[in-house]
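Trainee: Dropping the structure in here first, questions after.
In the numbering used here, the protein residues as written are 1 to 536.
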């Protein structure tokens, strides 16, 4: 369809603020660009905005495939019902101006990316500089630059719907088009496996949409965008766009723009990722070496580390750890977990669990470290039900880290004998001694407990003050401070408790540090200080 009047557009939900913004732009300017990714709802927004305004009546004209101004002129003339848009010998640009400016209409030129109208700049400039009620809206995926348009045209970018609006759209589609769930059941022929697969895929029109995306993916691969596609497919989640471009070079930005136009990638708030259907299409179109090779994983690692260093993002840490593991660099993964404790603590426990399972299939050391981190976070947050499930599920994991978590869980529940059995056979190391000291203190042997920790305290005080890269207190330092403070708590030496916790006061968000400090402050009748500690 080359042209239509208002009223035949797509379902519209939400975006009232954007619609008002467009109306204001068209009140102040004769021409406006509306741009955004494929399928994001640009045309629907324009139609809704114009239908509820005092602007001239809208006429939508597709310029897809138009070659030159003459083609555009003929399409516009057909749309307005003019049989002879120009007379022989008349300049096309003059005839086009007369056609548009002579009618109080709002001409919406849709699909402008797919038209070859490079000579339209002077005509646009003449239209904008002339007086008249007519308006022109150019709908495109990539905004025209001032150089391309011949004049600066205000542009409005349309982004994706927020979650609430997207849900409302689905409900409206159900109202308009009928029982979507029933259609899904019918399409899957009642097959429960297909139903589950379709719902997990987060798309209802998988067969048709999947085929279209696969065609676009093949074309994009042939057009030289495979390196970017491979990196995004290997990452499996959104990456920081600036870090990705820095790793792959300036051509990556051009690739991302083209892939966005093709509807294969989603760009939002500085992040970029494959759309869900595109991720599945990559498995069928890309050479596996572009996704699964260790060197690709290391490039993902480089992107994630740059992102992590710049932002301290928990998402960046998760991507970096898994990429390092898959790239054959488990020692790097372990170092990242150790150096970015605060970012690790911000990872949701469900994400940590999935990360641990993914890593276990590649490198046991990294997998066990992540499992221990998960269990420790469950312990820290008091999520004992999930903690017990984790410890039971991985009961055969006898790594030092997991045994220490089990011991700490027993100690937290006041069961020192079971904690002691858990630690039997372990070397007397800095990592193990805090738990051993708390066991001794719970048995009343506080002097012996402090003696056990004294060498670690001397070593800590003699070492340069090191902090994790994200400014969090290293876990080892925190456990040592808490263990020392615990021995004094059992002896009711509250001043000594506060002194023992002094090195880790920057970690006041940690529940155990705060709790121990509050007990000591309240014992010293420093109620206001205890309340302040709790408030922090």
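Every residue, glycine too, gets a C-beta built ideally from N, C-alpha and C.
Everything numeric in this text was worked out from a predicted model, so none of it was measured.
Going by beta-carbon coordinates alone, are residue 374 and residue 404 separated by less than 7 Å?
Mentor: Not closer than 7 Å, so no.
Trainee: Mind checking which residues open and close the alpha helix (DSSP H) that includes residue 62?
Mentor: From DSSP, residue 62 is part of no alpha helix (DSSP H) but of the beta strand (DSSP E) over 58-62.
Trainee: Looking only at C-alpha atoms, which of 291, 241, 286 and 261 sits nearest to residue 273?
Mentor: When each option's Cα is compared against that of residue 273, the closest is 241.
Trainee: Quick one: give me the first and last residue of the alpha helix (DSSP H) that residue 438 is part of.
Mentor: Residue 438 -> alpha helix (DSSP H) spans 433-442.
Trainee: Can you tell me whether residue 357 is buried or exposed? The criterion is at least 16 other CB atoms within 10 Å of its CB, across all chains shown.
Mentor: Counting Cβ neighbours within 10 Å, residue 357 comes out exposed, since fewer than 16 surround it.
Trainee: In the DSSP assignment, find the unbroken beta strand (DSSP E) run with residue 394 in it and report its ends.
Mentor: It is not in any beta strand (DSSP E) - residue 394 carries neither H nor E in the DSSP assignment.
Trainee: May I ask you to check if the CB of residue 226 is nearer than 6 Å to at least one heavy atom of the ligand ATP?
Mentor: This structure lacks the ligand ATP; in fact it carries no ligand of any kind.
Trainee: Between 173, 21 and 128, which has its C-alpha nearest residue 101's C-alpha?
Mentor: Checking every option, the nearest Cα to that of residue 101 belongs to 128.
Trainee: Within its chain, find whatever has a CB closer than 6 Å to the CB of residue 32; leave out the 5 residues flanking it on each side and keep chain order.
Mentor: So the list reads 25, 26, 137 and 154, once near-sequence residues are dropped.
Trainee: Where DSSP assigns a beta bridge to residue 239, which residues make up the other side?
Mentor: According to DSSP, which records beta bridges pairwise, residue 239 is partnered with 272.
Trainee: In three-state DSSP terms, what is residue 138?
Mentor: Note: residue 138 maps to strand in three-state DSSP.
Trainee: Is the beta carbon of residue 430 less than 7 Å from the beta carbon of residue 456?
Mentor: It is a contact, given that the beta carbons lie within the stated cut-off.
Trainee: So the alpha helix (DSSP H) residue 398 belongs to, where does it begin and stop?
Mentor: Taken as a continuous stretch (DSSP letters only), residue 398 belongs to no alpha helix (DSSP H), as it is neither H nor E.
Trainee: If you drop the 5 nearest sequence neighbours on each side, which residues of the same chain put their C-beta closer than 7 Å to that of residue 485?
Mentor: Around residue 485: 497, 500, 501 and 516.
Trainee: Could you tell me whether the Cβ of residue 140 comes closer than 7 Å to any Cβ of chain D?
Mentor: Structure shown: chain D not included; a single protein chain is present.
Trainee: Going by other Cβ atoms of all chains shown within 10 Å of its Cβ, with 16 needed for buried, is residue 384 buried or exposed?
Mentor: By the 10 Å Cβ count, residue 384 comes out exposed.
Trainee: Bridge partners for residue 106 per DSSP, in chain order?
Mentor: Looking at the DSSP assignment, residue 106 forms a beta bridge with 58 and 135.
Trainee: Given a cut-off of 7 Å, decide if residue 369 and residue 434 are closer than it, judged by their beta-carbon atoms.
Mentor: Not a contact, by the Cβ cut-off of 7 Å.
Trainee: Under a three-way DSSP split, which group does residue 124 fall into?
Mentor: Looking at residue 124 - three-state DSSP - the assignment turns out to be helix.
Trainee: Given a cut-off of 7 Å on the beta-carbon distance, is the pair residue 110 and residue 139 in contact?
Mentor: It is a contact, given that the beta carbons lie within the stated cut-off.
Trainee: Can you tell me which of the three DSSP states residue 34 falls into?
Mentor: Residue 34 falls in the strand class under three-state DSSP.
Trainee: Exposed or buried, which one is residue 350 when buried takes at least 16 other CB atoms within 10 Å?
Mentor: Classification of residue 350: exposed, given that the 10 Å Cβ count is below 16.
Trainee: If you drop the 5 nearest sequence neighbours on each side, which residues of the same chain put their C-beta closer than 8 Å to that of residue 161?
Mentor: Answer for residue 161: 13, 14, 15, 41 and 169, listed in chain order.
Trainee: Flag this pair as yes or no: are the beta carbons of residue 158 and residue 112 separated by less than 7 Å?
Mentor: For residue 158 and residue 112, no; Cβs fall outside 7 Å.
Trainee: Among 379, 305, 400 and 338, whose alpha-carbon lies nearest the alpha-carbon of residue 409?
Mentor: Among 379, 305, 400 and 338, the Cα nearest to that of residue 409 belongs to 379.
Trainee: Closer than 6 Å by C-beta to residue 70: which residues in its own chain qualify, once you throw out the five before and the five after it? Chain order, please.
Mentor: Within the same chain, residue 70 has close Cβ partners 92.
Trainee: Indicate whether residue 233 and residue 291 have their beta-carbon atoms separated by less than 7 Å.
Mentor: A contact, by the Cβ cut-off of 7 Å.
Trainee: For residue 313, tell me which candidate among 325, 297, 336 and 296 has the shortest Cα-Cα distance.
Mentor: Checked all of 325, 297, 336 and 296; the closest Cα to residue 313 is 336.
Trainee: Which of the three DSSP states, helix, strand or coil, is assigned to residue 40?
Mentor: Three-state result, residue 40: coil.
Trainee: Taking residue 103 as the reference, give the member of 81, 120, 361 and 121 with the closest Cα.
Mentor: Ranking the options by Cα distance to residue 103, first place goes to 81.
Trainee: So, for residue 488: in the same chain, excluding its five sequence neighbours on each side, which residues have a beta-carbon less than 7 Å away from its beta-carbon?
Mentor: Within the same chain, residue 488 has close Cβ partners 496, 497 and 500.
Trainee: Cutting at 6 Å between CB atoms, please list the residues of its own chain near residue 450, excluding the five before and the five after it.
Mentor: Only 487 meet the Cβ criterion.
Trainee: What is the residue span of the alpha helix (DSSP H) that residue 66 lies within?
Mentor: Note, residue 66: premise wrong, no alpha helix (DSSP H); not H, not E.
Trainee: By the 10 Å Cβ neighbour count, where 16 or more other Cβ atoms means buried, how is residue 422 classified, buried or exposed?
Mentor: When all chains shown are included, residue 422 counts as buried.
Trainee: Count the other C-beta atoms from every protein chain shown that fall within 10 angstroms of the C-beta of residue 397, then say buried if there are 16 or more, exposed otherwise.
Mentor: Burial call: buried.
Trainee: Taking the C-alpha atoms as reference points, what is the distance between residue 319 and residue 248?
Mentor: Going by the C-alpha atoms only, they are around 17 Å apart.
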